Amino acid sequence: MTGEPARVRQMWHLLEPLHAVLYYAPEAFEEAAALGYGTEERWTSYFAWRAAPLGAVDAPEVVRTFHSFAPAMVDRYVPAVWAAAGPDAVLAARLRAVDRSYRALFGDRVEGPRFAEAAALARRAAEAAGGGQMSHGMGHANSALPWPDAPHLTLWHAATVLREHRGDGHIAALAGAGLDPVESLVSFAAVGAARPEVFASRGWGEEEWGAARRRLQERGLAADGTASEAGRELRAKVELRTDEEAAAPWRALGEKGRERLVELLGEPWLEVIGSGMLPGENTLGIGKV
Numbered sequence: 014m015t016g017e018p019a020r021v022r023q024m025w026h027l028l029e030p031l032h033a034v035l036y037y038a039p040e041a042f043e044e045a046a047a048l049g050y051g052t053e054e055r056w057t058s059y060f061a062w063r064a065a066p067l068g069a070v071d072a073p074e075v076v077r078t079f080h081s082f083a084p085a086m087v088d089r090y091v092p093a094v095w096a097a098a099g100p101d102a103v104l105a106a107r108l109r110a111v112d113r114s115y116r117a118l119f120g121d122r123v124e125g126p127r128f129a130e131a132a133a134l135a136r137r138a139a140e141a142a143g144g145g146q147m148s149h150g151m152g153h154a155n156s157a158l159p160w161p162d163a164p165h166l167t168l169w170h171a172a173t174v175l176r177e178h179r180g181d182g183h184i185a186a187l188a189g190a191g192l193d194p195v196e197s198l199v200s201f202a203a204v205g206a207a208r209p210e211v212f213a214s215r216g217w218g219e220e221e222w223g224a225a226r227r228r229l230q231e232r233g234l235a236a237d238g239t240a241s242e243a244g245r246e247l248r249a250k251v252e253l254r255t256d257e258e259a260a261a262p263w264r265a266l267g268e269k270g271r272e273r274l275v276e277l278l279g280e281p282w283l284e285v286i287g288s289g290m291l292p293g294e295n296t297l298g299i300g301k302v
């Protein structure tokens, strides 16, 4: 892959780990515990952290906007998460979590000129994302939140807006390809994005997974859990459409600004990856697509 789609995908690969510390950093789990959430597993805080920009939404809204989670799994956490803490308290706590996590990872550099420059560039890109592909999607919800003052929190917020904007476009691309939520995961596993066991974290049962496999096979998109040529072509079109839908912020930033942001993000990206905090294999296919 070359040209603009490759550059757009590169920015996603760079920014996603900077966003994802919220779901894995020890400091984030400490903040979640202070809100009253259990931390024996990460899903309670995950659903709270990620859904809070939507407000005190119910399970069907989370199923729709998150897309890939089984409804039965979402029901276990939503709306119960709002009984412990309301969305405003969660939003405040997630900024505290990111502040503490970034300071633990990067030290005093969060106060330095490189973080300030990176934050300004990322914010310019994020503001060009507008409301996202879905008027009530995750990109729209995050872009409507106030911008933090501190540069490192501005950088994190921009990364969040941009990744959720991309995610909304990805959901639209999957729908355009005729893939429902579980088929989206099965087809992604079939092209080698991650092992099926990794996608089990989304809560789909063996019967649901198997039924989706059969539907893909009937469409000529897979056989025995492996994508056919048609299946690979379809997934490639989905990823390309996703890149196209996510391109506007990077066009607005311009090639010079984008290249400078790549340079500024390289060191923090390496440190997050090198921390061992994030899983080596993920459901997003980073490093595989």
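Heads up: take any position in the sequence shown, counting from 1, add 13, and you land on this note's numbering. All C-beta atoms, glycine included, are put in the ideal place defined by N, C-alpha and C. Values in this document were obtained by computation on a predicted structure and should not be read as measured data.
Taking 6 Å as the limit between beta carbons, can you name the residues of its chain near residue i, skipping five residues before and five after?
{"i": "residue 136", "result": "167 and 171"}
{"i": "residue 109", "result": "44"}
{"i": "residue 155", "result": "66, 173, 174 and 177"}
{"i": "residue 8", "result": "The structure shown has nothing for residue 8, since the chain only spans 14 to 302."}
{"i": "residue 184", "result": "80"}
{"i": "residue 164", "result": "128, 129 and 132"}
{"i": "residue 72", "result": "87, 88 and 91"}
{"i": "residue 69", "result": "95 and 100"}
{"i": "residue 309", "result": "Summary: the structure shown does not reach residue 309, with the chain confined to residues 14 through 302, and so no result is reported for it."}
Need the endpoints of the alpha helix (DSSP H) that residue i sits in, please.
{"i": "residue 64", "result": "56–64"}
{"i": "residue 77", "result": "72–79"}
{"i": "residue 37", "result": "16–37"}
{"i": "residue 180", "result": "164–189"}
{"i": "residue 299", "result": "Unbroken run through residue 299: none, as it is neither H nor E."}
{"i": "residue 211", "result": "209–212"}
{"i": "residue 203", "result": "194–203"}
{"i": "residue 206", "result": "Where residue 206 is concerned, there is no enclosing alpha helix (DSSP H), given that its DSSP letter is neither H nor E."}
{"i": "residue 152", "result": "151–156"}
Taking the DSSP output, what are the residues bridged to residue i?
{"i": "residue 239", "result": "236"}
Apart from the five residues on each side of it in sequence, which residues of its chain come closer than 8 Å, Cβ to Cβ, to residue i?
{"i": "residue 31", "result": "168, 169, 172, 278, 281, 282 and 285"}
{"i": "residue 29", "result": "172, 176, 297 and 299"}
{"i": "residue 146", "result": "Summary for residue 146: the model assigns pLDDT 48, below 50, so the residue's position carries little reliability, and this model does not support an answer."}
{"i": "residue 234", "result": "200, 203, 240, 241, 243, 244 and 247"}
{"i": "residue 160", "result": "136, 167 and 170"}
For residue i, which residues of its own chain have a beta-carbon under 7 Å away from its beta-carbon, when the five flanking residues on both sides are left out?
{"i": "residue 21", "result": "256, 259, 260 and 263"}
{"i": "residue 40", "result": "110, 113, 114 and 117"}
{"i": "residue 298", "result": "201, 206 and 207"}
{"i": "residue 212", "result": "198, 202 and 296"}
Decide yes or no for the touch test of the region 125–132 against the region 56–66: beta carbon pairs closer than 8 Å, at least 3 of them.
In short, these stretches do not touch, since the Cβ pair count stays below three.
Touch check for the region 254–272 and the region 93–112: three-plus C-beta pairs under 8 Å?
no
Start-end ranges of the alpha helix (DSSP H) lying completely within the region 72–136, minimum 4 residues:
72–79, 84–90, 94–97 and 100–119
Which complete alpha helix (DSSP H) runs does the region 215–279 hold, if anything under 4 residues is left out?
Here the runs fully enclosed are 219–231 and 242–258.
Pairs of beta-carbons, one from the region 232–252 and one from the region 187–195, closer than 8 Å: are there three or more?
yes
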